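Top line first, the protein sequences correspond to chains A and U. So the first sequence is numbered by the numbering used here: it starts at 3 and just counts up by one. So the second sequence is numbered by the numbering used here: it starts at 355 and just counts up by one. Backbone N, C-alpha and C define an ideal beta-carbon position, used for all residues, glycine too. Remember, it's a predicted structure, so these values are computed and weren't measured experimentally. Here the structure comes first, spelled out in structure tokens, and everything after it is commentary.
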Amino acid sequence: MNETARPGAGREEILSLEGVSLWLSGREILHEVSFSLHSGELTGLIGSNGAGKTTIFKVILGLETPTAGKVLFSGEARPRRNRSIGYVPQSIGLDPDVPLRARDLVALGLDGDRYGIPLPSRGRRQRVDEMLQAVDAQGFADTRVGKLSGGELQRTLIAHALIAEPRLLLLDEPLANLDITSEQEVVGLLASIAKARAIAVLISAHEMNPLLPVMDRVVYVASGRAASGSTEEVVREDVLSALYGHHVDVLHVNGRILVVAGKDEVHHTGPESEHTAVPRGLG
Amino acid sequence: MIAVIAFVNAIFEPGFFTSEPVRVALVVGGAVSLVSAVVGVFTVIRGQSFAGHSMGDLGTAGGSGAFLVGANPLWGFVTFAVLGAGAMELFGARRPRGRDTATGIVLGAGLGIAALFLYLGTTHSNTTGATITILFGSMFVIGTSMIPVFVLLSALALGIVALLYRPLLLSAVSRDIASARGVPVRTVGLLYLLAMAVAVSLSCVTIGAILSTAVLIGPAAAALRLTRRPGLAIAWAAVIGLAVTWLGILLAYDSYYWPPLGRGWPVSFFVVALILAVYVAADLVSRNVARHRGRVVSSAEGPAGVGGRAQPMLSPVAGVD
Ligand SMILES: Nc1ncnc2c1ncn2[C@@H]1O[C@H](COP(=O)(O)OP(=O)(O)OP(=O)(O)O)[C@@H](O)[C@H]1O
Ligand SMILES: [Mg+2]
Chain A
3 MNETARPGAG REEILSLEGV SLWLSGREIL HEVSFSLHSG ELTGLIGSNG
53 AGKTTIFKVI LGLETPTAGK VLFSGEARPR RNRSIGYVPQ SIGLDPDVPL
103 RARDLVALGL DGDRYGIPLP SRGRRQRVDE MLQAVDAQGF ADTRVGKLSG
153 GELQRTLIAH ALIAEPRLLL LDEPLANLDI TSEQEVVGLL ASIAKARAIA
203 VLISAHEMNP LLPVMDRVVY VASGRAASGS TEEVVREDVL SALYGHHVDV
253 LHVNGRILVV AGKDEVHHTG PESEHTAVPR GLG
Chain U
355 MIAVIAFVNA IFEPGFFTSE PVRVALVVGG AVSLVSAVVG VFTVIRGQSF
405 AGHSMGDLGT AGGSGAFLVG ANPLWGFVTF AVLGAGAMEL FGARRPRGRD
455 TATGIVLGAG LGIAALFLYL GTTHSNTTGA TITILFGSMF VIGTSMIPVF
505 VLLSALALGI VALLYRPLLL SAVSRDIASA RGVPVRTVGL LYLLAMAVAV
555 SLSCVTIGAI LSTAVLIGPA AAALRLTRRP GLAIAWAAVI GLAVTWLGIL
605 LAYDSYYWPP LGRGWPVSFF VVALILAVYV AADLVSRNVA RHRGRVVSSA
655 EGPAGVGGRA QPMLSPVAGV D
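Next up, the structure:
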């Protein structure tokens, strides 16, 4: 899929993957993945289990080195210590004993990679307070992180990732385990963060549904291959069929779109029941 | 005034503060427990209690080996625990489960060697003295000449923990986040194991190899019940570690005058018993505080409050722009 600059974008390119392939234990996990992320834009990384979403994050973070292709930050190679990327992993299996309040975890976002014991400072406290306020986390700022609810922890981790003022924010399945209310809260929060702070936000999800109202761009992943562009450009029968390597139907139902495997298709590694919907007013 | 003196005399048996071995025990034992407690906070939150326990058992091999060749057991403890730390890291895969398996394998090897050395030591010298000293420590027979060594090793372990304070906390939250931020998580993990090896070796000499785990884990676990702040947790652990050891030494000294034996109980026993008591007390306190807090919150919220904690409402764009 070609990268087509969106009309009226005028936005700065923060990150681009150019033909990234990755082999792990003799298997090709990613195949020539290309897309780019822009400041102020929220991009959805959509794909089913095992499609390669988390692996794409690891490549961006430099935790996996591509077998082929390039990862460029504003057109340049990766800086060695990258504070310009904020990262919220898929699940963090937090030990309930960890002696950290939500505010301590946010503070670690500021300087958790530094050595030595931090001196208490007013500036530091103030930045933490501001960040807690920005994600509306004051209500549980003093709660032990192991006791936070899923949505509260998610907001705390977003604050943790944002406080170092990254230019790129990566969130791996931030909506998993959230109920509909929290889901909408987190999505709205992320969309406003992208706009207000002019950073590029990449969110992975199984389902496009909750993201559609706010998503500027989509990167659709299937079996390590990716197609990217605007929703109208990507969520189409011809594009997704080519991506999956077999026919898929894109059905519009009640203003929603369902992506389902073609009827006469032999059971294959396909999108068996992927519900995606297109927002009203698109296309 | 007289009453106070009588009271002090009733607690501190005559000669407590003038006895040289007691003074050395107070200084060295206190320092060692403090170090173990501080290092132990991270052992607990990193989920490495098993590794900590294994270090003590490895220490047994080293200590008994040193005994056999006539060296100071401390060097045996340190050598084996540090080698063990390296082996655990070397065999340990990236996953925590792999790490536990690796620890188990190293532990098994260590115990085999310990059994051999203790056997040789006992049959050779025809005495069980070595075994008792290695397993239960020897707080009252540490020479003054060893004090600088103890102080240096204590400083080393504390220095490593101070240096790695934030990276250790961050990787306890998430290894992925830490490495994404550029923390060299494996190196940090290895250095931490080194600090743990030193701390455990020190307490092997004083408290004994089989009880070193209690000093490493106990005060830390109690401290983590009492506070949810990292700095305070470390402070609490240090205070508890120091207090139980000093109190243990006092009780052990007193116990020379206790019926029916009239020949003193081991310090280690008192220390471990006190740790258990403190842990139970801390647990009770934390439960009470939690219950109390819950009551306050729910009454403040009134009938609408569900689940105890206030759920702040978030409008999609609130507070960001
Ligand atoms: N280190 C590795 N070695 C071999 N295969 C791997 C490795 N890491 C991931 N894979 C494989 O790569 C594929 C993609 O994994 P990835 O975790 O990126 O999927 P995902 O899209 O994040 O899935 P999910 O939605 O379940 O989180 C999977 O088939 C997985 O088994
Ligand atoms: Mg994943």
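The residue among VAL378/U, SER525/U and VAL395/U with its C-alpha nearest the C-alpha of LEU96/A is SER525/U. For ALA70/A, the enclosing beta strand (DSSP E) stretches over residues 70–75. Two segments are said to touch when three or more pairs of C-beta atoms, one from each, lie closer than 8 Å; by this definition the segment 111–124 of chain A does not touch the segment 176–189 of chain A.
Residues of chain U whose Cβ lies closer than 7 Å to the Cβ of ASP97/A are, in chain order, ILE399, GLY401 and ALA526. Taken through DSSP and simplified to helix, strand or coil, PHE37/A comes out as strand. Secondary structure remark: continuous alpha helix (DSSP H) runs of at least 4 residues inside the segment 364–421 of chain U, in chain order: 374–378 and 384–399. By the Cβ criterion, the segment 547–555 of chain U is not in contact with the segment 579–594 of chain U, since fewer than three pairs of Cβ atoms, one from each stretch, lie closer than 8 Å. When DSSP states are grouped into helix, strand and coil, ARG126/A belongs to the helix group. A heavy atom of ligand 1 is found nearer than 7 Å to the CB of ARG29/A. In this structure, the beta-carbon distance from LEU547/U to ALA469/U does not fall below 8 Å. The beta carbon of ALA435/U is closer than 6 Å to those of MET409, LEU412, GLY413, ALA551, VAL554 and SER555 in its chain, skipping five residues each way along the sequence.
Under the 8 Å Cβ criterion, the segment 241–259 of chain A does not count as touching the segment 69–88 of chain A, having fewer than three qualifying pairs.
Counting only the Cα atoms, ILE16/A lies some 5 Å from HIS40/A. Beta-bridge partners of TRP25/A (DSSP): GLU30/A.
Sequence-distant partners of LYS72/A (beyond 5 residues in either direction) whose C-beta falls short of 6 Å from its own C-beta, in its chain, are GLU20. For the pair HIS33/A and LEU388/U, the Cα-to-Cα distance works out to about 54 Å. Take the alpha-carbon of ILE62/A and the one of ASN426/U: they are about 52 Å apart. The C-beta distance from PHE370/U to VAL378/U rounds to 13 Å, too long to meet the 8 Å contact threshold. With respect to chain U, the C-beta atom of ILE182/A has no partner C-beta closer than 8 Å. Partner residues in a beta bridge of GLY585/U, as assigned by DSSP, do not exist.
Between the segment 170–181 of chain A and the segment 195–204 of chain A there are three or more C-beta pairs closer than 8 Å, enough to call the two in contact. Here the segment 87–104 of chain A makes contact with the segment 524–544 of chain U; the two share three or more CB pairs at distances below 8 Å. ALA139/A sits close to THR158/A, with the two beta carbons spaced by under 8 Å.
Contacts with chain U at 8 Å (Cβ-Cβ) do not include LEU26/A. Put simply, the CB of GLY118/A is near chain U, with a gap under 8 Å to one of its CB atoms. Closer than 7 Å to some heavy atom of ligand 2: that describes the Cβ of THR56/A. Contacts between LEU107/A and chain U, judged by CB atoms closer than 7 Å, involve VAL527 in chain order. At a beta-carbon threshold of 7 Å, the residues of chain U lying near TYR89/A are ILE531 and ALA534, ordered along the chain. The alpha-carbon of ARG169/A is positioned some 24 Å away from that of ALA178/A. Counting other Cβ atoms within 10 Å of its Cβ, ASN51/A stays below 16 and is therefore classed as exposed. The three-state secondary structure of GLU78/A, taken from DSSP, is strand. Put simply, the CB of LEU523/U is near chain A, with a gap under 8 Å to one of its CB atoms. In the structure shown, ARG227/A falls within a strand segment according to DSSP collapsed to helix, strand and coil.
Annotation: HIS254/A is outside any alpha helix (DSSP H); the continuous beta strand (DSSP E) that includes it extends over 250–255. The closest CA to that of GLY383/U, considering only VAL598/U, GLY419/U, VAL537/U and ASP530/U, is found on VAL598/U.
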